[in-house]
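Taking UniProt numbering, the leading residue of the sequence shown gets 1, the next gets one more, and so forth.
Backbone N, C-alpha and C define an ideal beta-carbon position, used for all residues, glycine too.
Structure record follows, encoded as structure tokens.
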Amino acid sequence: MALFKILGTQQQKNLLDALQPPMVQTFLNQLSSDDRVRLFDRLPERRVKSLLGVLTPDNRAETLHLQAYVPETAGRIMTTEFVTLIEDMTQEKALAKVTEEATRKENIYILFIIDEKLKLTGFITLHRLLMMAPTAVINEHMSRQPISVKTSEDQEKVAQKVKELDLLALAVVDDTNKLVGIVTFDDAMEILEEEATEDILNQAGLSDLKDTEEDRSKLLINGKLNKILAVRLPFLLATLLLSMLSGLVIENFEQTLESIAMVAIFIPLIMGMGGNIGTQSSTVFTRGLVLGHIEIENFLEHFFKELRVGLTIGALMGIMAGLMATIWLGFPMLGLAVGLALFATMTVASLLGFLVPFILIKLKIDQAAGSAPIITTIKDLVALLIYFTCISLFLGHLIS
């Protein structure tokens with residue numbers, strides 16, 4: 001269960017899809033109520049309806065109860081799986097109740113005290129309860145200043161309170177001060193991590209990346225035609241124009257291809273390897289930005305580091321490709337041209353992987369939709385120019 005919580009949304013979905021129905025039923029019913037609600041919030045509505053059907057009546061009722069609260073509030077993230085004690089209980093009876101319910105509850109280290117109307121009156125730690133005499137009464141040892149939040153409280157404020165006060169659990173009450181749930185420390189830390197990621201995305205202009213895959217899929221598959229075209233066409237039109245330039249480059253070097261036919265053999269290699277490192281670089285940049293490892297303000301520092309990486313990888317790949325081309329065709333000058341062209345192309349493509357997303361972010365354009373086609377097209381154009389330039393330099397005397 002702990003491993004499942006740290007998986008991404010798509011990974012959680014894949015796991016559910018991979019499990020047989022009986023295992024899915026067992027798995028979902030073993031999840032704590034808050035974790036189950038959080039999972040369902042990330043799944044398509046149709047899938048949630050089908051999964052609700054495999055829950056036990058009690059778990060289904062509890063899940064629907066929590067889903068009734070407003071999203072991103074204390075009520076939505078709280079768990080109802082906790083132990084409550086009554087003020088006039090003796091230590092012996094209280095400990096027996098804790099022991100009986102421990103395996104079914106998410107937190108037993110902080111025990112909340114309620115009165116006959118279920119209103120929150122205090123709390124006691126498990127440690128303190130264990131230190132009491134068996135005949136001692138709870139109300140003589142409990143703390144009467146419990147910290148609590150309303151069900152409507154914003155989840156980020158709730159999580160911050162848990163962190164600042166270093167609480168193992170925070171009580172959640174309704175408008176009448178009735179205890180309805182608790183927010184545990186680990187759930188609060190998860191909320192803070194999600195909120196921090198969301199803030200980073202918004203500051204960087206990457207808010208679209210925080211949308212779930214279901215939301216994006218719904219837009220592109222079930223959305224209106226004009227909205228689908230508005231997302232997909234602009235970058236494709238731009239890359240169409242750039243691709244025409246690539247055609248002009250090849251046309252300009254048509255005589256080279258006719259004179260030295262073997263030159264064409266390495267065009268896919270040069271363009272493909274440039275695309276590979278460009279994709280790697282773009283992924284590293286986007287992931288680093290999302291996780292907070294890359295700061296836009298320090299872009300140049302990260303850019304020059306990527307330059308060193310691109311130069312190193314480009315040099316290694318260029319040497320290997322040049323040697324293999326020479327051995328394969330027995331043509332050292334062609335091998336030199338291939339190696340140098342691959343070195344330059346991979347270096348430039350690596351930098352494009354950082355530079356293009358950065359520029360799109362600065363222009364407040366969705367880089368997730370635009371980076372890949374733009375990087376690929378510019379890289380192809382540059383790769384062709386570099387390759388044919390190297391061929392002209394080293395093999396120009398063979399071109400009739």
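Check your understanding: How long is the line joining the alpha carbons of G171 and S50, rounded to whole angstroms?
Key -> First, the residue type needs correcting, since residue 171 is Ala and not Gly in the sequence shown. Rounded to the nearest angstrom, the two C-alpha atoms are 32 Å apart.
Practice item. Tell me, to the nearest whole angstrom, how far the beta carbon of I270 is from that of T345; I am working on the premise that it is less than 8 Å. Key: 5 Å
Point to revise | Exposure label - M244; buried when at least 16 CB within 10 Å | key: exposed
Review point. Is it buried or exposed for E301, if we count other Cβ within 10 angstroms and need 16 for buried?
Key: exposed
Practice item. On a CA-only basis, which of G322, I327, T283, L323 is nearest E306? Give me that one, please. Key: T283
Point to revise | F285, buried or exposed, once every other Cβ within 10 Å from all chains shown has been counted against 16 | key: So F285 counts as buried.
Review point. Buried or exposed: where does A349 fall if 16 or more other Cβ atoms within 10 Å of its Cβ makes it buried?
Key: buried
Exercise for review: Within its chain, find whatever has a CB closer than 7 Å to the CB of L55; leave out the 5 residues flanking it on each side and keep chain order.
Suggested key: Only L28, N29, T63 meet the Cβ criterion.
Review point. Is it buried or exposed for M317, if we count other Cβ within 10 angstroms and need 16 for buried?
Key: With 16 or more neighbouring CB atoms inside 10 Å of its own CB, M317 falls in the buried class.
Review point. When you compare each of N298, S281, L43 to residue 405 by their alpha carbons, which one comes out closest?
Key: Residue coverage of the chain in this structure runs from 1 to 400, which leaves residue 405 outside it and unanswerable.
Check your understanding: Which one or two residues does DSSP pair with D154 in a beta bridge?
Key -> T73
Review point. Roughly how many angstroms separate the alpha carbons of I327 and D186, rounded to a whole number?
Key: 59 Å
Review point. Can the beta-carbon of T151 be found less than 8 Å from the beta-carbon of D115?
Key: no
Check your understanding: Anyone know if the C-beta pair for E87 and S33 falls short of 8 Å?
Key -> no
Exercise for review: Look at the Cβ atom of I191, then the Cβ atom of T79, and state whether they are nearer than 8 Å.
Suggested key: no
Review point. Helix, strand or coil: how does DSSP classify L64 here?
Key: helix
Point to revise | With 16 other Cβ atoms within 10 Å as the buried cut-off, status of Y109 | key: exposed
Check your understanding: Pick from L351, P57, E297, H141: whose alpha carbon is nearest that of L85?
Key -> Nearest to L85 by alpha-carbon distance, out of L351, P57, E297, H141, is H141.
Practice item. Could you tell me which of K105, L130, T125 sits nearest to E92, measuring between CA atoms? Key: L130
Review point. Going by Cα to Cα distance, which pick from G330, I378, G314 is closest to M262?
Key: G330
Point to revise | Contacting residues, own chain, Cβ-Cβ under 8 Å from M89 (five flanking each side not counted) | key: Only K97, V137, I138 meet the Cβ criterion.
Review point. Out of curiosity, what's the CA-to-CA distance linking A204 and T389?
Key: Confidence is the limiting factor: at A204 the pLDDT is only 45, short of 50, which leaves the residue's position unreliable and the question unanswerable from this model.
Review point. Which two residues bound the contiguous beta strand (DSSP E) that contains F123?
Key: From DSSP, the beta strand (DSSP E) with F123 extends over 120–125.
Exercise for review: Mind checking who G181 pairs with in its DSSP beta bridge?
Suggested key: G181 is bridged to V172.
Review point. At what residues does the beta strand (DSSP E) containing residue 476 begin and finish?
Key: Here the chain covers residues 1 to 400 and nothing more, so residue 476 does not appear.
**Study point:** Spatially closest choice to T176 from E156, L165, L118, by CA coordinates
**Key:** L118
Check your understanding: Rounded to a whole number of angstroms, what is the C-alpha to C-alpha distance between L363 and T239?
Key -> Whole-angstrom Cα-Cα distance: 18 Å.
**Study point:** Within 8 Å, strictly: CB atoms of K379 and G274
**Key:** yes
Practice item. Kindly give me the distance between the Cβ atoms of D154 and E101, rounded to whole angstroms, as I take these residues to be in contact under 8 Å. Key: Their Cβ separation, rounded to whole angstroms, is 30 Å, which puts D154 and E101 out of contact at 8 Å.
Check your understanding: Cβ atoms of I361 and R339: under 8 Å apart, would you say?
Key -> Correcting the residue identity first, residue 339 is Gly in this sequence and not Arg. Their beta carbons are not under 8 Å apart, which means G339 does not touch I361 by this criterion.
Exercise for review: Compare the beta carbon distance of F188 and A159 with 8 Å and say whether it is the shorter of the two.
Suggested key: Reading the sequence as shown, one finds Ala at residue 188 and not Phe. Yes, they are a contact pair.
**Study point:** DSSP state of F82 mapped onto helix, strand, coil
**Key:** The answer is strand: DSSP assigns F82 an E or B state.
Check your understanding: Would you report the Cα separation of I113 and A94, rounded to the nearest angstrom?
Key -> I113 and A94 have their C-alpha atoms roughly 11 Å apart.
Review point. At which residues does the alpha helix (DSSP H) containing H302 begin and terminate?
Key: 299–329
Review point. Around the Cβ of R46, are there at least 16 other Cβ atoms within 10 angstroms (buried) or fewer (exposed)?
Key: exposed
Point to revise | Rounded straight-line distance, which links the Cα of L31 to that of H127 | key: The alpha-carbon atoms of H127 and L31 are separated by roughly 27 Å.
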